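Numbering (the working numbering), first residue to last: 72 to 296. Positions of the beta carbon are idealized from the N, C-alpha and C atoms, including for glycine. Since the structure is predicted, the reported quantities are computational estimates derived from the model, not experimental observations. Here is the structure we will look at.
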């Protein structure tokens, strides 16, 4: 039996965006005169903490100095704008199978939602870059990290998506790429399909219904084909 809705994570699930995020952080730090630079290895560790502002606080604690709690939100807004510019410059592609699954689900009358730790402007930037459409033309519901009290692995953003869809957890499926995403979706009562991304391939996906390389039709569970 097919689910009534598919609820997608964004970063790493819809597209491999983390390198664009890392670049945006580093360029923002440089412009602000901060002696901070996040390597791939550093960023992989920081991704265990969900939320850009939260990662900056974790890094400040590790460095022993940096922007204050009052300064971090403005710095993060600058990073968000820079990330949008990076995506708008081109080169970002959806992961294999994503466009086809979204189109097929829409044609079947299934509803589409986003439940993400990232903020709403970043969702908009990705949809414009990959679909050349506003996010609300691609997805029926968008639940973003800047709208909930607690980010993944807390269930808040998935519960918000379900509330806006008007559905029970049993009527939807979450699509994720990370351990924190699996924990979040499962805590909301949702079954989860995982497609590990470049930064999450080594994660523990215990609790997922299936772990598959990508969302191309041959890899999809029968209920999603």
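Between residue 289 and residue 171, the alpha-carbon positions lie close to 12 Å from each other.
Within the region 193 to 264, the runs of alpha helix (DSSP H) at least 4 residues long that lie entirely inside it are, in chain order, 206 to 209, 227 to 236 and 250 to 258. Rounded to the nearest angstrom, the gap between the Cα atoms of residue 132 and residue 140 is 12 Å. Non-local C-beta neighbours of residue 220 in its own chain, meaning closer than 7 Å and more than five positions away in sequence, comprise 227, ordered along the chain. Here the alpha carbon of residue 147 sits roughly 6 Å from the alpha carbon of residue 124. Inter-residue distance for residue 218 and residue 231 is about 9 Å (C-alpha atoms, whole angstroms).
The distance from the Cβ of residue 274 to that of residue 249 is about 6 Å, consistent with a contact at the 8 Å cut-off. Within a 10 Å sphere around the beta-carbon of residue 127 sit 16 or more other beta-carbons, which makes this residue buried. Sixteen is the threshold: when 16 or more other Cβ atoms of the shown chains lie within 10 Å of the Cβ of residue 257, as they do, the residue is buried.
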